[in-house]
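Chains as they are written, first to last, in full-length UniProt numbering: chain A, 1 to 251; chain B, 1 to 193.
Beta carbons: idealized from backbone N, C-alpha and C, even for Gly.
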């Protein structure tokens, strides 16, 4: 049976992990490769690297990082942040990334989704969508949730699916950082209206939240950062709990 | 041991090379007929779309070479599918090594299948020391139905073939290079054939 996936997310700036990494047993928690290996060994199913650096050196640094991760980590990983062209994606995939995640660049130029899926296949195109519920309507936002668009979450998700996205990574800005659980109503609706996998993001605080997002939110994967980085939740414990509650996981 | 990864422009070849290096071997990337012929082990990767990958194989003459190879050959993901007779993807005639037509998953399941799924009915030396029900990482929209060449099956809406074997030819739908320690075991078993 296809397992539900647990996906730690690492924010990367200038080739180093930033914010909230506090692993007691790592020599250098700022080293994304060491952290990635640690997660792979403890049962993470997949990793996401989100590059938030804004320097001119960023592309070369990111490519080197991707290569180092691919050389040392034996589980799949996705790279996101600032990707806006076929060339960007080509060099990341050539260096060992399995998937790329695009967000603002897809909103600005939706045709990018078609171009990427035609050239590289849908399986490596993740469209990340940040949305906020305003007066009962889920509105897509850009720049980490700061800038609202005219787009409705469900319409936009449907559109990118039709354009060839292989997965949706949905972050609820209402839930992100709250540690109050994932946005399961919106996730369930996405899962019902679309026929591609949905990754839940934003709101993880305890193990029950993961159970709920797989059961009620019908998510295919769940992404979190700080609960894993601060070892508030250990992935082996989380997987045991999920299994106990009848959710298929890879142990 | 000389290991050649066929490099015809399709897919994530670097990851397979790294996985082989993690096992302590080196691999050469090549599309040179003589180099491939002289290899002890040949890996035939592939990610992307079937008809365009097939075109790239034809452009280099590799479509004629691969079925004539006599050393162990391992097709991975799209590589496995191209070793089949036909694929619905892009209405593509394959290399015809495996006597099976590749089909698209019905929309009763999410397509593509992305993630870790279990392999069962393991019937080949390449699965030595791998347990029944082990999880492998899969990313695909098309599948090979079960035939007598099937050496492992997976369930996704239906039971289908996740691994095939005919003589010296092996094909796996999953990505051993991305499937943690069990995936590494399968690669190592293949290299030790």
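Helix, strand or coil: how does DSSP classify residue i here?
i                      : result
residue 37 of chain A  : helix
residue 111 of chain B : coil
residue 84 of chain B  : strand
residue 77 of chain B  : coil
residue 217 of chain A : coil
residue 175 of chain B : coil
residue 137 of chain A : strand
residue 236 of chain A : helix
residue 165 of chain B : strand
residue 190 of chain A : helix
residue 199 of chain A : strand
residue 13 of chain B  : helix
residue 231 of chain A : coil
residue 124 of chain B : coil
residue 179 of chain A : coil
residue 26 of chain B  : coil
residue 5 of chain B   : strand
residue 168 of chain A : strand
residue 32 of chain A  : helix
residue 185 of chain B : helix
residue 49 of chain A  : strand
residue 244 of chain A : helix
residue 160 of chain A : helix
residue 1 of chain A   : coil
residue 265 of chain A : Given a span of 1 to 251 for chain A in the structure shown, any question on residue 265 of chain A remains unanswerable.
According to the Cβ coordinates, are residue i and residue j closer than 8 Å?
i                      : j                      : result
residue 153 of chain B : residue 144 of chain B : no
residue 166 of chain A : residue 140 of chain A : no
residue 204 of chain A : residue 227 of chain A : yes
residue 18 of chain A  : residue 68 of chain A  : no
residue 51 of chain B  : residue 79 of chain B  : no
residue 88 of chain B  : residue 142 of chain B : yes
residue 45 of chain A  : residue 75 of chain A  : yes
residue 2 of chain A   : residue 115 of chain B : yes
residue 247 of chain A : residue 211 of chain A : yes
residue 130 of chain B : residue 186 of chain B : yes
residue 187 of chain A : residue 213 of chain A : yes
residue 135 of chain B : residue 250 of chain A : yes
residue 3 of chain B   : residue 20 of chain B  : yes
residue 180 of chain B : residue 40 of chain A  : yes
residue 72 of chain B  : residue 168 of chain B : yes
Output, in chain order, the set of chain B residues within a Cβ distance shorter than 8 Å of residue i.
i                      : result
residue 6 of chain A   : Ordered by position in chain B, no residue passes the 8 Å Cβ test against residue 6 of chain A, which lies about 10 Å from the chain.
residue 59 of chain A  : None at all; the shortest Cβ gap to chain B is about 17 Å.
residue 70 of chain A  : 14, 15, 18
residue 96 of chain A  : 12, 14, 15, 18
residue 250 of chain A : 116, 135
residue 123 of chain A : 47, 112, 114, 139, 140, 141
residue 74 of chain A  : 19, 22, 177, 178, 179, 180, 181, 183, 184
Ordered along the chain, which non-local residues of its own chain (more than five positions away) have a Cβ less than 7 Å from that of residue i?
i                      : result
residue 108 of chain B : 157
residue 197 of chain A : 167, 220, 221
residue 93 of chain B  : 86
residue 159 of chain B : 146, 153
residue 119 of chain A : 86
What does residue i reach in chain B if we use C-beta pairs closer than 7 Å?
i                      : result
residue 120 of chain A : 48
residue 245 of chain A : Near residue 245 of chain A there are no residues of chain B at all, since even the closest Cβ is about 18 Å away, more than 7 Å.
residue 165 of chain A : Within chain B, no residue comes near residue 165 of chain A; the closest Cβ sits about 11 Å away, beyond 7 Å.
residue 93 of chain A  : 12
residue 90 of chain A  : Here the premise fails: no neighbours, minimum Cβ distance about 11 Å.
Sorted by chain position, which residues of the same chain lie with C-beta nearer than 8 Å to residue i's C-beta, five sequence neighbours on each side aside?
i                      : result
residue 13 of chain B  : 5, 7, 29, 45
residue 102 of chain A : 80, 83, 84, 112, 113, 116, 125, 126, 127, 128
residue 173 of chain A : 130, 131, 132, 141, 145, 202
residue 58 of chain A  : 14, 51, 82
residue 110 of chain A : 159, 160, 163
residue 1 of chain B   : 25, 40, 41, 191
residue 100 of chain B : 84, 85, 144, 145, 147, 149, 161, 164
residue 96 of chain A  : 66, 67, 69, 70, 71
Name the chain A residues that come within less than 7 Å of residue i, Cβ to Cβ?
i                      : result
residue 118 of chain B : 1
residue 155 of chain B : 1
residue 107 of chain B : 195
Excluding the 5 residues preceding and the 5 following residue i in the sequence, name in chain order all residues of the same chain whose CB lies nearer than 6 Å to its CB.
i                      : result
residue 83 of chain B  : 75, 95, 97, 98, 171
residue 124 of chain B : 151, 165
residue 217 of chain A : 182, 184, 187, 188, 200
residue 106 of chain A : 112, 113, 127
At least one CB of chain C closer than 8 Å to the CB of residue i: is that the case?
i                      : result
residue 173 of chain B : The displayed structure is made up of protein chains A and B, and chain C is not among them.
If the cut is a Cβ gap below 8 Å, which residues of chain A does residue i touch?
i                      : result
residue 111 of chain B : 195, 196
Applying a beta-carbon distance threshold of less than 9 Å, which residues of chain B neighbour residue i?
i                      : result
residue 40 of chain A  : 180
residue 220 of chain A : 110, 114, 115
Note to self: Which runs of the beta strand (DSSP E) at least 3 residues long sit entirely within the segment 29–70 of chain B? Give them in chain order.
What the structure shows: The segment 29–70 of chain B contains, as complete beta strand (DSSP E) runs of 3+ residues, the segments 41–44 (chain order).
Check: Mind pulling the beta strand (DSSP E) runs of 3 or more residues that sit fully within the segment 62–148 of chain A?
Finding: The segment 62–148 of chain A is shown to contain whole beta strand (DSSP E) runs of 3 or more residues at 77–80, 99–102, 125–134, 137–142, in chain order.
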